[in-house]
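First up is the structure itself, then whatever we jot down about it.
Residue numbers (our numbering): 1 to 1251.
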């Protein structure tokens, strides 16, 4: 058999069970996947399993050879153990302690659950998953009590997982795709018989053995049944012989028995006739009472209807009174509030008037004083304007005289100096030198004086320029002041408009608030009536039912459960005339809760507490209403037709309760329909007749009608809903008004804030104007003073220049001791002129001082007294805002007028309400008196109706007894059986007494035949039929046993064929693999058979010889005669042979991937190279690529691998991560060194070179 040939290894789940005698279908064959198919493990996630605590996730596995290395105890075997936990069925039916051992036990919190998750690459779609997924995720979760499987995050069963794995090529009969540690050594120690068992397991013979055991069991059961059939047939034959002997005695007994039955028939027929007559009389009496009851019932209904109308009117009057009284209280409270508001407004108006009067007086006084100040300022300004030119002229005269006096004095001083030069200086040169020094000093003084004059002129010019700017700025401020005053007035008007708008909105809000209060009162009244009606409805049923309804409503509301239409009574309505009939028919079923499915009902029950009352659900998906087509006539119609069901989807629930009930016009029609149609009937008065004939009835008090109460509740709820909508609308309007008022108030506050800001800016502008005026006046005084100083400076400069000129003229002249005559005359003239100028200077200075004093006084009066007073008065007048006060006064007047009007309206409304209250109370008293009269009449009618009801009940009880007696007679007549008319006619016309006597005599004679077998004939027929059935059953069992024998022989043959086929395939692959592992080596498997001996039953029947075992013969050199059995090989050679057998089994029944746990631990270096080469070659095969995941402590397999992983054990937790080949080699070297050190410590005398 080649590697590409299909193999037929049957799995247990693929063999069909065979019924005895049936046709056996051959087992389904599992064909090896095509060479291009490839399924491999991409990654493994482990958490809480064995030594792996936290979720372990790492790079994906390579589709070829992967090696895992790590120190002893790191968790390599646990990693393979985790994969076996998912893929193998060795971990089924785990006990609690076994589950605990699989969970992680380390430091930290205890682990209660763990899982292993394997990701498969499904690119070749070997896994038959929907939508052709490229990756399949299989997870197994283990806990302390159970474990679960998940496929692509969806819960699946273990059986589903097994079928999925087998469909992908994982054979349960061949467990060698996972070779755990020590498995190879176990193969080396196998006996021939154990090796044969291994091949049987690979061949899947276990399923044939199980099928054969089942067939043997069925064959034994069939033999036991045949033995029992034979015993039964023997008993039946004996009984048939006995029954033939009893035939004659039975004939005599049957003749007497016919006479007895004829007598019994005649007696019962007589009693039946008497009962029918009594029933007719009872029916006539019932009809009479029924007519009386109907008439009295109508009168009682009329009285009740009148009383209800009166009570309804009284209730309406009470409600209206409550509303009127509440409105009266509100109006009275409003009147008191209006009175308080009116008093406050009148006080505010009085205060405003007084304040306006005071402000007006103050304003008049200020205006008068302002006029006086303006006159004084004008007079002072005129005086100042008049004196200023005079003062300037006097200054100029004074300066001119001062200049003349100074000039004359200078000339005199020069003449005196010149006169004294001779005595002062010895020579002209010395004098000229002195003069030059003087001239030099004068030049410096002239220079300084010119600079001073220039500076003064610049300062004067700058000050004048500032004066002009400040003057322009003042004018601008004055214009700004006018604009601000206008703006201030505009904001006053705007604020007044806002106040008026606010008042209007406030009045609207009051009206809307009154409507809101009125609606709230009406809604509260409806709420009280609704609670009363609900209490009345709750009181009409059992407390447990009422409690259950409330609990269901709460659960549905809190958990937002859908699919709950509600109680039955909320899903329909009917006319008042059918109320009694519907209530009588439904009973407590009205309170059954309709739900869409039973799952919804279970969910609600789970959420309800244990003490939540009693509740009955009607799941629409489980209801199977009776399929009855009730005919409609003039006197009867289906009760269901008179119900108005809100939703057609709920009709099944009503069919379940009302589907078998007819509504009849009277009890006669009801009785007839119940007897003839076999349905339940009910009348409009609530009398019932069930399909078995039982009647119930009596008076039904309409005051306690559940449906009427439900109708009232539905009406009140509708009115409440409408009122809530109106109230919501009113509150919305109220909110809008509040919002508008808030907006107006906000705008008004904004305007007031802007007005206050404008007032502050106005005062600031006034202050700026005053400051500018003061600054300009001060600057002008400074300019005036600087101009005077400038004139003086220029005069001094002129004198200095003249002195310099005079000195320059003196230079170079002769040095005389005396002045010339001309100079003497000039000196005299100058002295006279000086005296004259001094007098003039004194006079003009005196005049100038007077003018200056007057000017200074006027300026001081204007700047420090009059103008500040004027500014203060203007500021005070600006602070007095009569416009604002008048606006507030006008607003208060409007409010007062509105309050007075509102008070007038409220007073009139209060009077109207008082009148209405009196009118309603009088009407209520009249109605109460009338209601008392009606109640007395109703009580009397109800008492009479109760008496008639008791009489009707007695009649109905009697009728029930008679009907029972009639049914009993008819039943006895039926029990008598069929009789010839001649037998019955013999006793017609005889009295009951004679018939009873004859019956007694006949019974006495029948006692003689008490021992006769009265059923001998029937038993004979039954035994004959039973004999035929047993014989047929025995023939069927014989055929079944024959089929079972054929099946057992077929199974044994197929089992041997499977073993033979598997042996040939494994032997072929074993030979090839061994040749690959051992260069020049040869190996073969030998099957040992036990041949059948002569005379052996198995040989006679043609059965195949039995197998005894499988032995192995190998040659490591290839030489003939150099064949050894397993017992003759060394440990390493045994391991090579065992591995060859493992690879042969795998080739015979290939799997998508293989897991090896240290399979090369016992191999020599050469063999390890060969094994690694063989595995790598298989993983890279283009025909049938296979994934390998192997743990090892040897470098050969690591060097051949495509990807490497390392496992570490830290803090009692295992971690796996990808590593390089070099890192893997280092880990192996370290581990080998540790093993060498450990071996040295065990055997210190060992030669290191041997290692």
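Virtual Cβ for every residue (Gly too), placed ideally from N, Cα, C. For clarity, every value in this text was computed on a predicted model and none was experimentally measured.
Inter-residue Cα distance where the pair is residue i and residue j
i: residue 452; j: residue 786; result: 11 Å
i: residue 408; j: residue 836; result: 11 Å
i: residue 1211; j: residue 1195; result: 28 Å
i: residue 631; j: residue 707; result: 26 Å
i: residue 794; j: residue 426; result: 36 Å
i: residue 347; j: residue 475; result: 45 Å
i: residue 414; j: residue 438; result: 12 Å
i: residue 1172; j: residue 1113; result: 24 Å
i: residue 73; j: residue 79; result: 11 Å
i: residue 665; j: residue 288; result: 16 Å
i: residue 764; j: residue 492; result: 19 Å
i: residue 50; j: residue 206; result: 32 Å
i: residue 603; j: residue 92; result: 33 Å
i: residue 567; j: residue 981; result: 60 Å
i: residue 1231; j: residue 1208; result: 13 Å
i: residue 46; j: residue 553; result: 47 Å
i: residue 1233; j: residue 145; result: 44 Å
i: residue 27; j: residue 161; result: Note that residue 27 scores 38 on pLDDT, short of 50, meaning its location in the model is unreliable; the coordinates nonetheless yield the value given after this. If I take the Cα positions, the gap works out to 20 Å.
i: residue 690; j: residue 705; result: 22 Å
i: residue 570; j: residue 680; result: 24 Å
i: residue 637; j: residue 271; result: 36 Å
i: residue 1271; j: residue 472; result: What the structure shows of the chain is the stretch from 1 to 1251, and residue 1271 is not part of that stretch, so it cannot be assessed.
i: residue 215; j: residue 197; result: 22 Å
i: residue 1139; j: residue 154; result: 39 Å
i: residue 924; j: residue 932; result: 12 Å
Residue i vs residue j beta-carbon contact at 7 Å
i: residue 582; j: residue 574; result: yes
i: residue 774; j: residue 410; result: no
i: residue 737; j: residue 512; result: yes
i: residue 449; j: residue 788; result: no
i: residue 268; j: residue 990; result: no
i: residue 218; j: residue 1044; result: yes
i: residue 663; j: residue 639; result: yes
i: residue 634; j: residue 669; result: no
i: residue 619; j: residue 595; result: yes
i: residue 934; j: residue 301; result: no
i: residue 82; j: residue 137; result: no
i: residue 995; j: residue 275; result: no
i: residue 762; j: residue 369; result: no
i: residue 122; j: residue 105; result: no
Member of the options whose CA lies at the smallest distance from the CA of residue i
i: residue 412; options: 806, 1070, 1068; result: 806
i: residue 550; options: 578, 512, 592; result: 592
i: residue 1090; options: 1107, 1074, 1076, 1075; result: 1107
i: residue 920; options: 322, 274, 67, 641; result: 322
i: residue 380; options: 945, 1075, 854; result: 854
i: residue 930; options: 1175, 309, 179, 509; result: 309
i: residue 324; options: 1160, 913, 165; result: 913
i: residue 41; options: 1084, 1168, 1160, 1155; result: 1155
i: residue 1030; options: 230, 123, 211; result: 230
Residue i Cβ short of 6 Å to the ligand ADP heavy atom set
i: residue 989; result: This structure does not include the ligand ADP; it has no bound ligands of any sort.
Practice problem: For the segment 1035-1055 and the segment 1074-1094, state whether three or more C-beta atom pairs, one from each stretch, are separated by less than 8 Å. | Solution: no
Practice problem: Mind listing, in chain order, the continuous alpha helix (DSSP H) runs of no fewer than 4 residues lying wholly within the segment 1125-1155? | Solution: 1131-1148
Quiz item: Contact between the segment 1216-1225 and the segment 1167-1187: three or more CB pairs below 8 Å?
Solution: no
Quiz item: What are the uninterrupted segments assigned as alpha helix (DSSP H) that are 4 or more residues long and contained completely in the segment 157-240, given in chain order?
Solution: Listed in chain order, the complete alpha helix (DSSP H) runs (minimum 4 residues) inside the segment 157-240 are 158-167, 183-188, 192-203.
Quiz item: Is the segment 838-848 touching the segment 383-401 in the sense that three or more CB pairs, one from each, lie closer than 8 Å?
Solution: yes
Quiz item: Contact between the segment 291-300 and the segment 497-514: three or more CB pairs below 8 Å?
Solution: Result no; under three Cβ-Cβ pairs closer than 8 Å.
Quiz item: Is it a yes or a no for the segment 806-825 touching the segment 334-346, going by three-plus beta-carbon pairs under 8 Å?
Solution: no
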